[in-house]
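S.K.: Protein chains in written order, with our numbering: chain A, 1 to 181; chain B, 1001 to 1181; chain C, 2001 to 2181.
Glycine included, every Cβ here is placed at the ideal spot set by N, Cα and C.
All values derive from a computational prediction rather than experimental measurement.
Shown below is the structure under consideration.
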Amino acid sequence: MSPKSLIPSMVFLLVLLGGSATRSRRPCKELVLYFHDILFNGGNSKNATAAIVGAPAWGNNTILAGNNHFGDVVVFDDPITLDNNLQSAAVGRAQGFYLYDKKEIFTAWLGFSFVFNSSEHRGSINFAGADPLMNKTRDISVIGGTGDFFMTRGVATIMTDAFEGEVYFRLRVHIKLYECW
Amino acid sequence: MSPKSLIPSMVFLLVLLGGSATRSRRPCKELVLYFHDILFNGGNSKNATAAIVGAPAWGNNTILAGNNHFGDVVVFDDPITLDNNLQSAAVGRAQGFYLYDKKEIFTAWLGFSFVFNSSEHRGSINFAGADPLMNKTRDISVIGGTGDFFMTRGVATIMTDAFEGEVYFRLRVHIKLYECW
Amino acid sequence: MSPKSLIPSMVFLLVLLGGSATRSRRPCKELVLYFHDILFNGGNSKNATAAIVGAPAWGNNTILAGNNHFGDVVVFDDPITLDNNLQSAAVGRAQGFYLYDKKEIFTAWLGFSFVFNSSEHRGSINFAGADPLMNKTRDISVIGGTGDFFMTRGVATIMTDAFEGEVYFRLRVHIKLYECW
């Protein structure tokens, strides 16, 4: 190979490396998962996967507060499933907290992890962000990961897939990872 | 162009790509914004944008606790403005929580998002970090973003711009983003 | 130098830049530190470094709740030491919160910062992630940093180094940073 003919291939290599190292908007990995939240309401302690642990002065820890639940803080340990069926085998747990943070409409803020425990995935993905839950879809940040998801970052699009009153909701989570190590 | 003359320009391109892909301490984007926190104190429910939702055993959810508010957890939905005037048009909301975490002096820990809703910006910026609020300026982390701020990371320098007793404070936030996608 | 002889060195440079900019699993910085948590139990207000600030309906803010403390939220300001001795000089404080988030066994979720204040380190490291604390070691994410740890990311392996009943525990934290700026 002459130097002349090497140059185009080097430019290609350069663009390739630059592309992987800089910023591509094409995900390096994608997952779609569901998780299921059953809020403790005083009578469902067997099934509940979540509990109110903080509330404003006008609320308490058994019933979601007025003013669109503003100030309610909920801790959860929710099963993660591959499809939208609560009875499906869980591939891990969604663990962390959400809090309602607006008086006028429902909005929330989330800090939680997907902790995987299946033949397919080990490790965890950590999430944080605002959840304006009256919107059909909302984007939160993937802020890190461990194990199979070592050092990952990305964006997760969440969608309320179903809900029953104020006791049950199911979220569909489309995880798009843009940094894979 | 001869191969010889191509090489310098390739080196330049290489350095350019390397520079953007590795670590530059020059921000790729900067914003200066203000947000305004009015804490519910039992009597200001109309104006309040924040509420105590957790407190230590020696406190309650209407008045900030003794011991420099150690243990108080506050949920907020604060207007973001372009200047320091609470009456200015809000370009979005700062939503999330802070907690006081030292007995001897005031310090806090923050987890929140800027959720933009203006002609200029759509999307969100997510923040986390320690706020030793007796210091004139403090740095927290930008841990992710969505929409216009897709996948961003950076550092935000916050400054208490004003406060009135324990009910109102205004923070100036200088956001410096070092990863832009 | 002829163009021909320049090309190998450019390939080397290219790989070098690509390597630093993409993803190396070799840490760019490592630290091993300990922190010490003394939980307020109603009688140890002098020594306590942590307090329960949220609890489920079946709990309160003085004693950790039943069901493996599910729903308890704890705010802390814990000394960080270089060795495992609580009496050693603190090089900073671990500040933030943890919450217990499983009914069947002990697991927790952490959001906190190491705030350094020593001759060796200034600045902060921010952490988030799931802590399945019955495992000997657990990995959480380093989601950002400031000062000496400007813009850092990584993984921290935590280990319960000691505990005494439900009042004291000591964590060993092995911080491995993979992004250094």
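Name the chain C residues whose beta carbon is nearer than 8 Å to that of G147/A?
M.R.: The answer, in chain order, is D2139.
S.K.: Let me know the secondary structure DSSP gives A1021/B once reduced to three states.
M.R.: The predicted position of A1021/B is uncertain, since its pLDDT is 49 and thus under 50; a value taken from the coordinates is nonetheless stated next. A1021/B falls in the helix class under three-state DSSP.
S.K.: Of all the CB atoms in chain C, is at least one closer than 8 Å to the CB of G1066/B?
M.R.: Chain C contact via Cβ: absent.
S.K.: Around the C-beta of E1166/B, are 16 or more other C-beta atoms found within 10 angstroms, so that it is buried, or is it exposed?
M.R.: Exposed, because fewer than 16 other Cβ atoms sit within 10 Å of the Cβ of E1166/B.
S.K.: From the DSSP output, which residues share a beta bridge with V1075/B?
M.R.: DSSP lists A1051/B and F1097/B as partners of V1075/B.
S.K.: So, helix, strand or coil for I2125/C, using DSSP?
M.R.: I2125/C falls in the strand class under three-state DSSP.
S.K.: Could one say the Cβ of Y1098/B lies closer than 8 Å to chain C's Cβ atoms, at least one of them?
M.R.: By this cut-off, Y1098/B is not an interface position.
S.K.: Taking Cβ-Cβ distances shorter than 7 Å, what residues in chain C pair up with S124/A?
M.R.: Simply G2129 and A2130.
S.K.: Which bits of chain C does S113/A rub up against, with CB to CB less than 7 Å?
M.R.: Those within 7 Å of S113/A in chain C are W2109, G2129 and A2130.
S.K.: With a cut-off of 8 Å, does the C-beta of P1027/B fall near any C-beta of chain C?
M.R.: Taking Cβ atoms only, chain C never reaches closer than 8 Å to P1027/B, which makes this a no.
S.K.: Just grab the DSSP bridge partners of Y34/A for me.
M.R.: Looking at the DSSP assignment, Y34/A forms a beta bridge with T81/A and R172/A.
S.K.: Might you give, ordered along the chain, the residues of its own chain that have their beta carbon closer than 6 Å to the beta carbon of K29/A, omitting 5 neighbours on each side?
M.R.: Closer than 6 Å at Cβ, skipping near neighbours: L177 and C180.
S.K.: Assuming A2050/C and D2037/C form a contact by the criterion Cβ under 8 Å, report the distance between their Cβ atoms to the nearest whole angstrom.
M.R.: With 8 Å as the limit, A2050/C and D2037/C qualify as a contact, their Cβ atoms being about 5 Å apart.
S.K.: Using a Cβ distance threshold of 8 Å, determine whether the region 139 to 149 of chain A contacts the region 118 to 129 of chain A, with at least three qualifying pairs required.
M.R.: The region 139 to 149 of chain A vs the region 118 to 129 of chain A: in contact.
S.K.: Taking all protein chains shown into account, do 16 or more other C-beta atoms lie within 10 angstroms of the C-beta of Q95/A, making it buried, or fewer, making it exposed?
M.R.: Q95/A should be labelled buried.
S.K.: According to DSSP, simplified to helix, strand and coil, what is L86/A?
M.R.: In this structure, L86/A counts as coil in the three-state DSSP scheme.
S.K.: Any C-beta of chain A sitting closer than 8 Å to the C-beta of D2101/C?
M.R.: So, interface residue.
S.K.: Looking only at C-alpha atoms, which of S2045/C, G2129/C and I2105/C sits nearest to G1066/B?
M.R.: The residue with the shortest Cα to Cα distance from G1066/B is S2045/C.
S.K.: If we define contact as Cβ-Cβ less than 8 Å, is R23/A a contact residue for chain B?
M.R.: Yes - at least one Cβ of chain B is within 8 Å of the one on R23/A.
S.K.: Out of G1092/B, R1172/B and G1111/B, state which residue places its alpha-carbon closest to the alpha-carbon of G2144/C.
M.R.: The shortest Cα separation from G2144/C among G1092/B, R1172/B and G1111/B belongs to G1111/B.
S.K.: Would you report the Cα separation of S2088/C and T2081/C, rounded to the nearest angstrom?
M.R.: If I take the Cα positions, the gap works out to 6 Å.
S.K.: Is it right to say A1162/B is buried, meaning 16 or more other beta carbons lie within 10 angstroms of its own, or is it exposed?
M.R.: Exposed is the call here.
S.K.: Once DSSP output is grouped into helix, strand and coil, what is the label at M159/A?
M.R.: Looking at M159/A - three-state DSSP - the assignment turns out to be strand.
S.K.: Mind listing which residues of the region 147 to 176 of chain A have their C-beta closer than 8 Å to chain B's C-betas, in chain order?
M.R.: So the list reads R153, G154 and V155, given in the order they occur along the chain.
S.K.: What does the Cβ neighbour count give for G2042/C, buried or exposed, with the cut at 16 atoms within 10 Å?
M.R.: G2042/C comes out exposed.
S.K.: Which term fits A21/A, buried or exposed, when burial requires 16 or more other beta carbons within 10 angstroms of its beta carbon?
M.R.: Unreliable placement is indicated for A21/A, whose pLDDT of 49 sits below 50; the coordinate value is still reported in the next sentence. Under this definition A21/A is a buried residue.
S.K.: Take S141/A and list the residues in its own chain whose beta-carbon comes closer than 6 Å to its own, dropping the five residues that flank it on each side.
M.R.: For S141/A, where only same-chain residues beyond five positions count, the Cβ hits under 6 Å are A128 and G129.
S.K.: Do we get a CB-CB distance below 8 Å when we pair D37/A with the residues of chain C?
M.R.: False, the Cβ-Cβ gap to chain C never drops below 8 Å.
S.K.: In the DSSP output, which residue or residues are listed as bridge partners for D1148/B?
M.R.: Note: D1148/B sits in no beta bridge, so no partner.
S.K.: Compile a chain-ordered list of the residues in the region 1055 to 1081 of chain B whose CB is closer than 7 Å to at least one CB of chain C.
M.R.: Per Cβ criterion, the list reads A1055, P1056, A1057, F1070, G1071 and V1073.
S.K.: Using the Cα positions of N1963/C and S1113/B, report the straight-line distance between them to the nearest angstrom.
M.R.: Nothing about residue 1963/C can be read from this structure; chain C reaches only from 2001 to 2181.
S.K.: How should V1032/B be labelled, buried or exposed, when 16 other C-beta atoms within 10 angstroms of its C-beta is the threshold for buried?
M.R.: It is exposed - the Cβ of V1032/B has fewer than 16 other Cβ atoms within 10 Å.
S.K.: Go to A108/A, then tell me how far its beta strand (DSSP E) extends in each direction, as first and last residue.
M.R.: Start and end: A108 to N117.
S.K.: In the DSSP assignment, what are the bridge partners of E2164/C?
M.R.: Y2168/C, per the DSSP bridge assignment.
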